[in-house]
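In my numbering, the protein residues as written are 72 to 245.
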């Protein structure tokens, strides 16, 4: 689908939406016409610096008929959740980095430490780290884990793996 937009500042949003309503009696999002504010485009550019926002996300706004600061709130909340998950993952990794390799530890040890995370969140992260492609941990029993190697060594191995996969993916595209 192709889209056309009426670009107007946030201060003119209501007038722009009213103008578009004259062209689209069926409501916003119909006919590929949409309201776009320069302020929203600037904010979208800033969000892209933090997280890859692509055409699929932008088209979602265009389909609804508006790309303005108000409509960006949902995307901001979504990105905040993703970045929060990344921060939680990083916190668990940093806690594990303090342990020597071949350490056996309990979920309760991490939850009882300085981690401001709930036990279920920490358990989910540990389970991810126990599986491929990380294989940093071995689950011994419910709530008990073995740290196979140091976090630094595991991340170095993962970096090497990621580079290899990037090279192979580029070869597939050729």
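Beta carbons: idealized from backbone N, C-alpha and C, even for Gly.
Inter-residue spacing [alpha-carbon to alpha-carbon] between residue i and residue j
| i | j | result |
| --- | --- | --- |
| residue 131 | residue 145 | 11 Å |
| residue 77 | residue 160 | 41 Å |
| residue 232 | residue 74 | 41 Å |
| residue 113 | residue 215 | 47 Å |
| residue 158 | residue 133 | 31 Å |
| residue 174 | residue 118 | 39 Å |
| residue 238 | residue 168 | 29 Å |
| residue 83 | residue 125 | 27 Å |
| residue 243 | residue 229 | 21 Å |
| residue 135 | residue 108 | 14 Å |
Bridge partner(s) assigned by DSSP for residue i
| i | result |
| --- | --- |
| residue 125 | Bridge partners of residue 125: none, in fact. |
| residue 182 | For residue 182, which the question treats as bridged, DSSP gives no partner whatsoever. |
| residue 75 | 104 |
| residue 215 | 177 and 212 |
Counted within 10 angstroms of its Cβ, other Cβ atoms place residue i as buried (16 or more) or exposed
| i | result |
| --- | --- |
| residue 143 | buried |
| residue 137 | buried |
| residue 148 | exposed |
| residue 153 | exposed |
| residue 127 | exposed |
| residue 224 | exposed |
| residue 116 | exposed |
| residue 139 | buried |
| residue 208 | buried |
| residue 79 | buried |
| residue 222 | buried |
| residue 121 | exposed |
Cβ-Cβ separation, residue j to residue i (assumed contact under 8 Å), whole Å
| i | j | result |
| --- | --- | --- |
| residue 219 | residue 172 | 7 Å |
| residue 163 | residue 177 | Rounded, the Cβ-Cβ distance is 14 Å, inconsistent with contact. |
| residue 199 | residue 190 | Residue 199 to residue 190, Cβ: 15 Å. No contact. |
Simplified DSSP state of residue i, which is helix, strand or coil
| i | result |
| --- | --- |
| residue 136 | coil |
| residue 108 | coil |
| residue 176 | strand |
| residue 90 | helix |
| residue 131 | helix |
| residue 301 | Only positions 72 to 245 of the chain appear in this structure, which leaves residue 301 out of reach. |
| residue 149 | helix |
| residue 220 | coil |
| residue 170 | coil |
| residue 189 | coil |
| residue 245 | coil |
| residue 80 | coil |
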